[in-house]
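Reminder that position 47 of the sequence shown reads as 90 in the numbering used here, one-by-one numbering, no gaps.
Glycine is no exception: its CB is placed at the ideal position from the N, C-alpha and C atoms.
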Amino acid sequence: MLRFLTAGESHGPAEIAILEGLPAGLAIDKDVIQQELDKRRGGAGRGGRGAIEKDQVKILSGVRFGKTLGSPIALIVDNLDFANWAQKMQIEPFESIGADSFHPSGGTALHPPLTTPRPGHADLAGGLKYGFEDIRNVLERASARETIMRVAISAICKKFLLEFNIEIASHTIQIGQIKLSNKNVQFEDIKNVFNKNPEIRCIDPNISSSMKNEILAATKSKNTLGGVVEIIAHHVPVGLGSYVHYDRKIDGRISQSLMSIPSVKAVEIGEGITNASLYGSQVHDDIYYKSQGPTLKKYYRKTNKAGGIEGGVTNGEDIIIRVYHKPISTLGNPKDTVDIATKKPAKALIERSDICVVPRAGVISEAMLAFVLADEMLRKFGGDNIVETKRNFKGYIKALK
Numbered sequence: 044m045l046r047f048l049t050a051g052e053s054h055g056p057a058e059i060a061i062l063e064g065l066p067a068g069l070a071i072d073k074d075v076i077q078q079e080l081d082k083r084r085g086g087a088g089r090g091g092r093g094a095i096e097k098d099q100v101k102i103l104s105g106v107r108f109g110k111t112l113g114s115p116i117a118l119i120v121d122n123l124d125f126a127n128w129a130q131k132m133q134i135e136p137f138e139s140i141g142a143d144s145f146h147p148s149g150g151t152a153l154h155p156p157l158t159t160p161r162p163g164h165a166d167l168a169g170g171l172k173y174g175f176e177d178i179r180n181v182l183e184r185a186s187a188r189e190t191i192m193r194v195a196i197s198a199i200c201k202k203f204l205l206e207f208n209i210e211i212a213s214h215t216i217q218i219g220q221i222k223l224s225n226k227n228v229q230f231e232d233i234k235n236v237f238n239k240n241p242e243i244r245c246i247d248p249n250i251s252s253s254m255k256n257e258i259l260a261a262t263k264s265k266n267t268l269g270g271v272v273e274i275i276a277h278h279v280p281v282g283l284g285s286y287v288h289y290d291r292k293i294d295g296r297i298s299q300s301l302m303s304i305p306s307v308k309a310v311e312i313g314e315g316i317t318n319a320s321l322y323g324s325q326v327h328d329d330i331y332y333k334s335q336g337p338t339l340k341k342y343y344r345k346t347n348k349a350g351g352i353e354g355g356v357t358n359g360e361d362i363i364i365r366v367y368h369k370p371i372s373t374l375g376n377p378k379d380t381v382d383i384a385t386k387k388p389a390k391a392l393i394e395r396s397d398i399c400v401v402p403r404a405g406v407i408s409e410a411m412l413a414f415v416l417a418d419e420m421l422r423k424f425g426g427d428n429i430v431e432t433k434r435n436f437k438g439y440i441k442a443l444k
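Rendered as structure tokens:
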């Protein structure tokens, strides 16, 4: 079983992750991890943080001479902005700051507590749950900064998946009201979208230009925008996941992992939303079979409205997922709220933030899908060494009839 744990606050010293469960012998290139982190840094709609951070990853353990050891892999990315927040985010008790006056809620005259929660954010619910009077204690961990480590560890998961010819890519299909009308997008169409269009990551240049203008308009009006990202996993084998228990259904696992990304409010697999309004005869993908010699025998579909998953199990077709992001909750013209200290009406706090996360959200969604698929591959094929895992996989594929 594969698992990971992250730690770190948005303006703390560093972001940290531990990935456990990968077999030994997998070749790891730090530059490949860095490339994924660089994808996350870019994209239109970014706030000022992107100009500060370099997001340079360090591998602390679990790799020797370029290959995994089978032991936990520890990664760290320093937060360069911590230099500007060292006093606000210090570990020691606040009395050690030496300020003359203190707020009873734990802040100082120099660093007063944040008490005006943003509608749509974890600020209020998190503060009430954990008993905080300063909601900075909530927003520091609720921040999407944490996803940098998900991208880092999943770059390793992607490398593992490539050993089995499994690839993952994503592209932007909607920002605000601007939508990509082409619904017949194939994996090869989006595989290199980042290299061709790193700002918006939409495959249509004209639509991409309109999306960029939409972001610029939101910036000018001090507003924010949401949108939709589509992810495709290619060459996924049949048989990952299971129908026998609710928590082993792979579509459930994928949906949960994607819903854990900040700002994600809905996940669609295949043509799930459209299918809900159609007859069954219009929805379900007909099954065909082809045999070209003893080595190529395959069930296949001419359509893929199921998105590559049936009954909680992958069916051998591409996995197709759409991830819906709400506009982020920090607004230049803040919404009405209540000051949790005085209980009086107030305007929500303003933190430095992005205008639109959608262009760079794809790589985060890819990361979560890669982790789930890598975990499912290891659950099915096992192996303490990558050679053993690949041997088990080849035997399974050969046995399929």
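For this session: Using three-state DSSP, classify L177 as helix, strand or coil.
Result: Against the sequence shown, residue 177 aligns to sequence position 134. Inspection of the sequence shows that residue 177 is occupied by Asp rather than by Leu. Note: D177 maps to coil in three-state DSSP.
Exercise. With contact counted as at least three CB pairs below 8 angstroms, one residue from each stretch, are the stretch 228-238 and the stretch 255-268 in contact?
Worked result: Taking 8 angstroms as the limit for Cβ pairs, the verdict is that the stretch 255-268 does not touch the stretch 228-238.
For this session: Use the C-beta contact count for A187: other C-beta atoms within 10 angstroms, 16 or more gives buried, fewer gives exposed.
Result: Taking the sequence shown and counting its residues from 1, one reaches residue 187 at position 144. By the neighbour-count rule (16 or more Cβ atoms within 10 Å), A187 is buried.
Problem set entry | Paired residues, beta bridge with Y22 - DSSP | The first residue shown for the chain is 44 and the last is 444, placing residue 22 beyond what the model contains.
Problem set entry | Uninterrupted beta strand (DSSP E) stretches inside the stretch 89-143 (no shorter than 3 residues) | 100-104 and 116-121
Exercise. How is K333 classed by DSSP in three states: helix, strand or coil?
Worked result: By one-based count along the sequence shown, residue 333 stands at place 290. If DSSP states are grouped into helix, strand and coil, K333 belongs with the strands.
Exercise. Between R291, L268 and R46, which lies nearest to L374 when the distance is taken from Cα to Cα?
Worked result: Counted from its first residue, the sequence shown places residue 374 at position 331. With distances taken between Cα atoms, L374 lies closest to L268.
Exercise. Looking at the unbroken beta strand (DSSP E) that takes in E273, where does it start and where does it end?
Worked result: Counting from 1 along the sequence shown, the entry for residue 273 is found at position 230. Segment G270 to H277, the beta strand (DSSP E) holding E273.
For this session: Can you give me the start and stop residues for the alpha helix (DSSP H) that D418 sits inside?
Result: As a position in the sequence shown, residue 418 is number 375, starting the count at 1. That run of the alpha helix (DSSP H) goes V401 to F424.
For this session: Could you spell out where the beta strand (DSSP E) holding L62 opens and where it closes?
Result: Against the sequence shown, residue 62 aligns to sequence position 19. Boundaries of the beta strand (DSSP E) harbouring L62: A57 to E63, taken from the DSSP string.
Problem set entry | Coil, strand or helix - Y322 by DSSP | Stepping through the sequence shown from its first residue, residue 322 is reached at position 279. In this structure, Y322 counts as coil in the three-state DSSP scheme.
For this session: Might you give, ordered along the chain, the residues of its own chain that have their beta carbon closer than 8 angstroms to the beta carbon of E431, omitting 5 neighbours on each side?
Result: Position 388 of the sequence shown, counted from the first residue, corresponds to residue 431. Once the five neighbours on either side are set aside, the close Cβ partners of E431 are P66 and G425.
Exercise. Just how far apart, CA to CA, sit K263 and G88?
Worked result: As a working mapping, residue 263 is identified with position 220 in the sequence shown. As a working mapping, residue 88 is identified with position 45 in the sequence shown. Each residue's alpha carbon lies about 12 angstroms from the other.
Problem set entry | Helix, strand or coil at Q217 [DSSP, three-state] | Here residue 217 refers to the residue found at position 174 when the sequence shown is read from its first residue. Q217: strand per DSSP, three-state reduction.
Exercise. What did DSSP end up calling F145 once you bin it into helix, strand or coil?
Worked result: Position 102 of the sequence shown holds residue 145. Because F145 carries a pLDDT of 48, less than 50, the predicted location of this residue cannot be relied on, and the following value inherits that uncertainty. Here F145 sits in strand by DSSP.
For this session: Could you work out which residue in V356, R365, L412 and S252 is closest to G282 when comparing CA atoms only?
Result: Counting from 1 along the sequence shown, the entry for residue 282 is found at position 239. If you compare the alpha carbons of V356, R365, L412 and S252 with that of G282, the shortest gap goes to V356.
Problem set entry | Per-residue DSSP class, three states only, for R46 | Your numbering for residue 46 matches position 3 in the sequence shown. It is a strand residue.
Exercise. Looking at C-alpha atoms only, which residue of I119, S334 and N376 is the closest neighbour of P443?
Worked result: Residue 443 sits at position 400 when you count from the first residue of the sequence shown. Residue identity check: residue 443 is Leu in the sequence provided, not Pro. By alpha-carbon distance to L443, the top candidate from I119, S334 and N376 is S334.
For this session: Output yes or no for whether 8 angstroms exceeds the beta carbon distance between R344 and Y332.
Result: For the purposes of this step, residue 344 is taken as the residue at position 301 of the sequence shown. For the purposes of this step, residue 332 is taken as the residue at position 289 of the sequence shown. Taking 8 angstroms as the Cβ cut-off, R344 and Y332 do not qualify as a contacting pair.
Problem set entry | Nearest-angstrom Cα separation, counted from K433 out to I440 | For this step, residue 440 is matched to residue 397 along the sequence shown. For this step, residue 433 is matched to residue 390 along the sequence shown. Their Cα atoms are separated by approximately 11 angstroms.
Exercise. When the Cα atoms are used, what is the spatial distance from I250 to S213?
Worked result: One-based indexing of the sequence shown puts residue 250 at position 207. One-based indexing of the sequence shown puts residue 213 at position 170. Roughly 16 angstroms between the two C-alpha positions.
For this session: Confirm, please, whether the CB-CB distance from I61 to I116 is below 8 angstroms.
Result: As a position in the sequence shown, residue 116 is number 73, starting the count at 1. As a position in the sequence shown, residue 61 is number 18, starting the count at 1. Yes. Within cutoff.
Problem set entry | Nearest-angstrom Cα separation, counted from P155 out to D143 | Taking the sequence shown and counting its residues from 1, one reaches residue 143 at position 100. Taking the sequence shown and counting its residues from 1, one reaches residue 155 at position 112. Annotation note: pLDDT 49 at D143 (below 50); position unreliable, coordinate value reported separately. Near 13 angstroms, if we compare the C-alpha coordinates of P155 and D143.
For this session: Could you tell me whether the stretch 155-166 touches the stretch 387-400, where touching means 3 or more Cβ pairs closer than 8 angstroms?
Result: yes
Problem set entry | Straight-line Cα distance separating L123 from F145 | In the sequence shown, the residue the question calls residue 145 occupies position 102. In the sequence shown, the residue the question calls residue 123 occupies position 80. Per-residue confidence for F145 stands at a pLDDT of 48, beneath the threshold of 50, marking its modelled position as unreliable; the derived number appears in the next sentence. The straight-line gap from Cα to Cα measures roughly 28 angstroms.
Exercise. Who are the Cβ neighbours of E206 in its own chain at under 8 angstroms, not counting the five residues just before and after it?
Worked result: As a position in the sequence shown, residue 206 is number 163, starting the count at 1. Setting aside the 5 residues that flank it on each side, E206 is surrounded in the same chain by L69, I429, T432 and K433, each with a C-beta closer than 8 angstroms to its C-beta; the list follows chain order.
Problem set entry | Extent of the continuous beta strand (DSSP E) run through V381 | Locating residue 381 in the sequence shown gives position 338, counting from the first residue. Run containing V381: D379 to V381, per the beta strand (DSSP E) assignment.
For this session: Could you name the residues of the same chain whose beta carbon sits closer than 6 angstroms to that of L45, not counting the 5 residues immediately before and after it, in chain order?
Result: Taking the sequence shown and counting its residues from 1, one reaches residue 45 at position 2. If we look at L45 and ignore the five residues flanking it on each side, its Cβ neighbours are G64, A417, D418 and L421.
For this session: For L167, I'd like the list of residues in its chain whose CB is within less than 6 angstroms of its CB, leaving aside the five on either flank, ordered along the chain.
Result: Sequence index remark: in the sequence shown, residue 167 carries index 124 (1-based). Cβ neighbours of L167 beyond the five flanking positions: P160.
Problem set entry | Contacts around K378, its chain only, beta-carbon distance under 6 angstroms, and the 5 residues preceding and following it disregarded | Within the sequence shown, numbered from 1, the residue matching residue 378 stands at position 335. These residues qualify, in order along the chain: P162 and A391.
Exercise. Where does A404 land, buried or exposed, given buried means 16+ other C-beta within 10 angstroms?
Worked result: Start at 1 with the first residue of the sequence shown, and residue 404 comes out as number 361. Buried is the call here.
Problem set entry | Strand pairing of V356, partner residues [DSSP] | Counting from 1 along the sequence shown, the entry for residue 356 is found at position 313. For V356, which the question treats as bridged, DSSP gives the partners G284 and E353.
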